[in-house]
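Residue numbers (this note's numbering): 253 to 534. The C-beta atom is built at its ideal place from N, Cα and C for all residues, glycine as well. Data block below; observations after.
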């Protein structure tokens, strides 16, 4: 069988995500009949049925679900290759390091300072992002390396080195009665009627159910804590971004958080290798 083409995979992903040939064709900027023919040709080449077509619409078969996962990964890898190739062609050596906003602050500062002191250091652009976004930036080539907390993001598919393990703290409004406590338990912070736990979005953009506020970024979280609307459980090093309206209280039974530096396993970048060496020395 001939190798699958990225064009075919892009067509299939559009139909599989929309579950509607008309909407998928509109999204791709093409007519529906050639899109239908392309999917039929793909099914013939693979010798499997990818989509169940009924009067009520389109549904993925078991084989289609497998191809959807594989196709997304392949398209991400192709996009990542293009981005990293363009970055490598830049006249100035440059690395993009992704990290969760307000997380690993002290570690990030030390890493940047130590790497900048290296004789052949590249320019490092730091991209701060929300929970889980750092691995997506790494996977699609918008970042060369990332500081990752496996408690919140998967390291699957990456090479990584462990850099730091730390405890977690509860961040509360400074005037709240619990802020005066010397320490708290997870059960106590999880059951505060006037401070419901915040809700962060899933990778698909949806939010889990619950009474807490929907949070998009750390600055929004910081303001809502200061206003007495929520609390947060964060790594102890994230105290660096706390306001005077916040108080951090140690947690006795929260799972420790480990920070890893992660990168694509196939990378051959000398600049990236230097950054990794510096990080593991800290």
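Three-state secondary structure (DSSP) of residue i
i, result
"residue 465", "coil"
"residue 504", "coil"
"residue 529", "helix"
"residue 520", "coil"
"residue 479", "coil"
Integer Cβ distance of residue i from residue j, believed to fall under 8 Å
i, j, result
"residue 436", "residue 503", "6 Å"
"residue 471", "residue 357", "14 Å between Cβ atoms; not a contact."
"residue 336", "residue 409", "So it is not a contact: roughly 15 Å between Cβ atoms."
"residue 396", "residue 349", "7 Å"
Per DSSP, the bridge partner or partners of residue i
i, result
"residue 515", "411"
"residue 425", "498"
"residue 346", "375"
"residue 484", "423"
"residue 510", "417"
"residue 436", "503"
Alpha-carbon to alpha-carbon, residue j and residue i
i, j, result
"residue 465", "residue 271", "31 Å"
"residue 540", "residue 398", "The chain is shown from 253 up to 534; residue 540 falls before or after that span and cannot be answered."
"residue 368", "residue 324", "36 Å"
"residue 405", "residue 451", "16 Å"
"residue 389", "residue 320", "20 Å"
"residue 312", "residue 519", "34 Å"
"residue 417", "residue 479", "30 Å"
"residue 509", "residue 362", "18 Å"
"residue 290", "residue 267", "11 Å"
"residue 424", "residue 505", "17 Å"
Cβ-heavy atom distance, residue i to the ligand MN, below 7 Å
i, result
"residue 372", "In terms of ligand content, the structure shown is empty, and the ligand MN therefore cannot be addressed."
Please go through the region 349-405 and give each complete alpha helix (DSSP H) segment of 4 or more residues, from N-terminal end onward.
357-368 and 385-391
Extract the residue ranges of the beta strand (DSSP E) inside the region 267-329, only unbroken runs of 3 or more that lie entirely within it.
303-306 and 309-312
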